[in-house]
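In our numbering, the protein residues as written are -19 to 418.
Written out as structure tokens, the structure reads:
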């Protein structure tokens, strides 16, 4: 009797646990029976269903679930589609597998985690007409992503100081394993470039972009709600015009001596070999000469304007010129001496008589004419013996101009005008105080 009383509490606990576990077992058993009945109606039998967690990136955390299904059919030929659904944060993805078999066959589906957190799985069986046969709820797993989430990087490959024409490239590094994995690829947007940028352009050539400040941005969002973006500040400076000087050898020399004009670059680390060079003499372009020097010994005696225009690869140009003087040679033929400019040889220059006797006579005649003009006086004189001081001032007693009753007008510059009956006009000279005809 005493032993019975001691074992009574354990019996009651066992009965209580049995009552608590019975409904759950009944529900799971009922769901399994319902799925088996639905499959049996299609001539199918679910032999086995297995779920295995996987660590694809081997970081010690589960990131994928493998579902293995073994089916048996009593029909001569069965076609069925397995659809594995995974739900995470109100986003649902699907993995499909088609089976066509006779007898017994198996299939494997892998669900890859695309975000960290809880993922609820469900397996649907679909017939060949696309209608659902049954659905089996699988466990909920806490997973970490193994797939690479969207990433964008704009990597600039250019000098620290960029000028127009410099080698400049922008590498667009993009990756998204999640979106394409579940047919949820999104849209990439690029802004800030002077030209249209396509998604398939992995490298942007900014060598030919105009000078300016650029704020580049690329963004991406897939249909699973994952977003990423990258920014890049880029400044392209205007390349300066070519800087050079002209070195002249042979200026002021004889035409029978060497003469050479050479371009001297005045820019460090700038290659002038690819620049266009245009030589001109007196405005005439010398075709065929694109070198850095010009042989000016071919120029005849005289003064010549020689210019060089240098155009860089960005079509920025600079022009320099020099006035080149070429003297006649010492040993000239009579024909050359007649056509070439005369040349002074200093004290050795040969001079010719210019007629000293004729110059003396001419000077005497000029002196006589000047003397006659200076001693000529006016015979008449004023009656009062005083010098004529000019016209009498035309003013009134109060000092104002005497318009003699004619209409007057003062213009914008303060000049006083009067008009005669015939339409002619006079203007008032305030210094001489007289009217002048206009």
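Ideal Cβ placement from N, Cα and C applies to all residues, glycine included.
Inset, instruction - Give a yes or no on contact between the segment 175 to 185 and the segment 230 to 240, applying the rule of three or more CB pairs nearer than 8 Å. - result: no
Legend entry - Distance CB(residue 67)-CB(residue 30) smaller than 9 Å: no
Legend entry - Buried/exposed call for residue 198, threshold 16 Cβ in 10 Å: buried
Inset, instruction - Within the same chain, show all residues whose beta-carbon is closer than 6 Å to that of residue 32, passing over the 5 residues directly before and after it, in chain order. - result: 46
Legend entry - Classification of residue 351 by the beta-carbon crowding that lies within 10 angstroms, buried from 16 upward: exposed
Inset, instruction - Kindly list the residues whose CB is nearer than 6 Å to the CB of residue 59, restricted to its own chain and excluding five residues on each side of it in sequence; keep chain order. - result: 80 and 108
Inset, instruction - Measure the Cβ-Cβ separation of residue 298 and residue 223 and say whether it is below 9 Å. - result: yes
Legend entry - Segment limits, beta strand (DSSP E) that includes residue 158: Residue 158 -> not in any beta strand (DSSP E); alpha helix (DSSP H) instead, spanning 158 to 161.
Legend entry - Separation of residue 91 from residue 44, as counted between CA atoms: 5 Å
Inset, instruction - Output the distance between the C-alpha atoms of residue 274 and residue 219, rounded to the nearest integer angstrom. - result: 27 Å
Legend entry - Cβ-based burial, residue 418 [other Cβ within 10 Å; buried from 16]: exposed
Inset, instruction - In angstroms with no decimal places, state the Cα-to-Cα distance between residue 123 and residue 41. - result: 7 Å
Legend entry - Best match in 283, 65, 247 and 215 for proximity to residue 116 [C-alpha to C-alpha]: 65
Legend entry - Through-space distance from residue 284 to residue 278, alpha-carbon basis: 12 Å
Inset, instruction - May I ask which residues mark the beginning and end of the beta strand (DSSP E) holding residue 286? - result: 282 to 291
Legend entry - Reference residue 163; option with closest CA among 78, 149, 83 and 72: 72
Legend entry - residue 398 vs residue 384 beta-carbon contact at 9 Å: yes
Inset, instruction - Mind checking who residue 105 pairs with in its DSSP beta bridge? - result: 62 and 114
Legend entry - Counted within 10 angstroms of its Cβ, other Cβ atoms place residue 344 as buried (16 or more) or exposed: exposed
Legend entry - Beta-carbon spacing of residue 212, residue 200 below 9 Å: no
Legend entry - Contact the segment 251 to 268 vs the segment 226 to 234: 3+ CB pairs below 8 Å: no
Legend entry - Alpha-carbon spacing of residue 150 relative to residue 86, whole angstroms: 49 Å
Legend entry - Assumed close pair residue 161, residue 127 - CB separation to whole angstroms, cut-off 8 Å: 6 Å
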